[in-house]
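Q: Sequential numbering from 1 applies to the sequence shown in the UniProt record's numbering. Here a beta-carbon is modelled for each residue, glycine too, at the ideal position from N, C-alpha and C. Note that the structure is predicted; figures quoted are calculated from it, not measured.
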Amino acid sequence: MYKVTNLFKVLSDETRLRILILLYKKELCVCQLQGILEEESQPKISKHLAKLRDLGFVKDERKEKFIYYYLNDNEMLKDILKSIIDNSNEYEVIKDDLGRLKYADEIKERKMNQVKNEEK
Numbered sequence: 001m002y003k004v005t006n007l008f009k010v011l012s013d014e015t016r017l018r019i020l021i022l023l024y025k026k027e028l029c030v031c032q033l034q035g036i037l038e039e040e041s042q043p044k045i046s047k048h049l050a051k052l053r054d055l056g057f058v059k060d061e062r063k064e065k066f067i068y069y070y071l072n073d074n075e076m077l078k079d080i081l082k083s084i085i086d087n088s089n090e091y092e093v094i095k096d097d098l099g100r101l102k103y104a105d106e107i108k109e110r111k112m113n114q115v116k117n118e119e120k
């Protein structure tokens, strides 16, 4: 029962819900999530990801300079997220996030270029 109540607590936060929906579709790094969610604060995204990881809903993996996040195997969570995505036309914010998801690689590329320019 503890896991179920934690799941619904996590889903009750809009930012965490949006992050989980995006991770249902694709593994992403913090800068990609920040761009897709149009969030100014990278630490805010990182804080939400840390909470999701600590509760066991997401996992992370370092690949080169980036840490990528992806959903942990939790069928109940995946079923709920799939249902929300299937009805995303009813949720403008989610529909917009899913529309911006196709630019995830471009967002990461811009961040990489920004870091390279700062190193010069």
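Can you say whether I67 is buried or exposed, counting buried as having 16 or more other CB atoms within 10 angstroms of its CB?
A: Classification for I67: exposed.
Q: Could you pull the start and end residues of the alpha helix (DSSP H) that K47 belongs to?
A: Taken as a continuous stretch (DSSP letters only), the alpha helix (DSSP H) holding K47 covers 42-54.
Q: Checking 8 Å against the spacing of the C-beta atoms, do Q32 and I107 come in under that value?
A: Taking 8 Å as the Cβ cut-off, Q32 and I107 qualify as a contacting pair.
Q: According to DSSP, what are the bridge partners of Y70?
A: BP columns for Y70 point to K59.
Q: Would you check if the distance between the CB atom of M76 and the CB atom of L22 is smaller than 8 Å?
A: No, they are not a contact pair.
Q: Nearest to K25 by CA position, among L81, D13, V93, is which residue?
A: Measuring from the Cα of K25, the nearest candidate turns out to be L81.
Q: For V4, which option in R18, I36, N74 has the closest C-alpha, if you only look at C-alpha atoms?
A: If we check each option's Cα against that of V4, N74 comes out closest.
Q: Can you name the residues that DSSP bridges to L22?
A: In DSSP, L22 forms no bridge with anything.
Q: Excluding the 5 residues flanking Y70 on each side, which residues of the same chain have their C-beta closer than 7 Å to its C-beta?
A: For Y70, where only same-chain residues beyond five positions count, the Cβ hits under 7 Å are L23, E27, V58, K59.
Q: May I ask which residues mark the beginning and end of the alpha helix (DSSP H) holding E119?
A: It spans 104-119 - the alpha helix (DSSP H) in which E119 sits, taken as one unbroken run.
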